[in-house]
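Participant: For reference, the structure I am asking about is given below.
Numbering (full-length UniProt numbering), first residue to last: 1 to 254.
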């Protein structure tokens, strides 16, 4: 059974610069300290107004912020109640990626994000960025016999495409993926699928050609071709990873 939190708990220690933020901070502190428990009802708007010396508009703005943060829920005609803590959100950081299934899920995200990044890059890229993409492309090919180098070059290539969008959020998201960024790294010796000699090199040759198509589309400022080439690369990468997973999970002949 819930109870109403005493209004005095909401009195700020010092006058905040932003009135609504002051209310938000007081309620948040009450919740974080455990004084306001899940299911507890917040004081009436008039009580919070009196204790904080603010208007009804300020209180309602603060409640909206608390709702957006997932800390409280308002039931019309009943009141506003403290919510139970939400579970930590899933992260796309490399440390949160533990399996091939996780990598496949990351690839779905990348397909959605990077196809549009390629489109934007083709419309916004600079001559200097084209030169950087070309250098990363050559490094992918030159590292065909050394998968580790090609993985690094491929990661660099995709980050350069993101940078060419002129939107830092693309870069932040892709950088956050870390080593999960290049699923084909699983095909390197000792890191996933057992491949026949030369197979990894053949795979890297195909990867190079796919990136070459992305590069040329961005170079000639053809956004639709860039989007299609990026989708082809990432969808093919997804299929390569699925095949590698199937090989790893196949029963060993007696």
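We treat Cβ as the ideally placed atom computed from N, Cα and C, and that holds for glycine. Note that the structure is predicted; figures quoted are calculated from it, not measured.
Cα separation between residue 18 and residue 206?
Facilitator: If I take the Cα positions, the gap works out to 57 angstroms.
Participant: Output needed for residue 156: all residues of its chain with C-beta closer than 7 angstroms, excluding positions within five of it in sequence on either side, in chain order.
Facilitator: These residues qualify, in order along the chain: 136.
Participant: Pick helix, strand or coil for residue 54, following the three-state DSSP scheme.
Facilitator: Here residue 54 sits in coil by DSSP.
Participant: Run through the DSSP bridge pairs and tell me what residue 81 is partnered with.
Facilitator: Per DSSP, 41 and 73.
Participant: Can you say whether residue 278 is buried or exposed, counting buried as having 16 or more other CB atoms within 10 angstroms of its CB?
Facilitator: Since the first residue shown for the chain is 1 and the last is 254, residue 278 is missing from the structure and cannot be characterised.
Participant: Would you please state the rounded distance, in angstroms, between the beta carbons of residue 24 and residue 65? I believe it to be under 8 angstroms.
Facilitator: That belief holds up - the Cβ atoms of residue 24 and residue 65 are roughly 5 angstroms apart, short of 8 angstroms.
Participant: Figure out for me which residue from 246, 152 and 226 has the closest Cα to the Cα of residue 122.
Facilitator: Per the Cα distances, 226.
Participant: Tell me whether residue 257 is buried or exposed, calling it buried when 16 or more other Cβ atoms sit within 10 Å of its Cβ.
Facilitator: No information on residue 257 is available, as it lies outside the stretch 1 to 254 that the chain covers here.
Participant: Starting from residue 22 and walking both ways along the alpha helix (DSSP H), at which residues does that stretch end?
Facilitator: First-last of the alpha helix (DSSP H) with residue 22: 19-33.
Participant: State yes or no: is the beta carbon of residue 235 nearer than 8 angstroms to at least one beta carbon in chain C?
Facilitator: Absent from the structure: chain C. Only one protein chain is present.
Participant: Nearest-angstrom Cα distance between residue 196 and residue 223?
Facilitator: The pLDDT assigned to residue 196 is 46, lower than 50, so where the model puts this residue is not dependable; a value taken from the coordinates is nonetheless given after this. Going by the C-alpha atoms only, they are around 37 angstroms apart.
Participant: Taking C-beta to C-beta, are residue 283 and residue 162 nearer than 8 angstroms?
Facilitator: Residue numbering for the chain in the displayed model covers 1 to 254; residue 283 lies beyond these limits and cannot be assessed.
Participant: Does the count of Cβ pairs from the stretch 231-245 and the stretch 97-106 closer than 8 angstroms reach three?
Facilitator: Yes, since at least three Cβ pairs between the stretch 231-245 and the stretch 97-106 fall closer than 8 angstroms, the two stretches touch.
Participant: Express the C-alpha separation of residue 208 and residue 231 in angstroms, rounding to a whole number.
Facilitator: C-alpha separation (whole angstroms): 15 angstroms.
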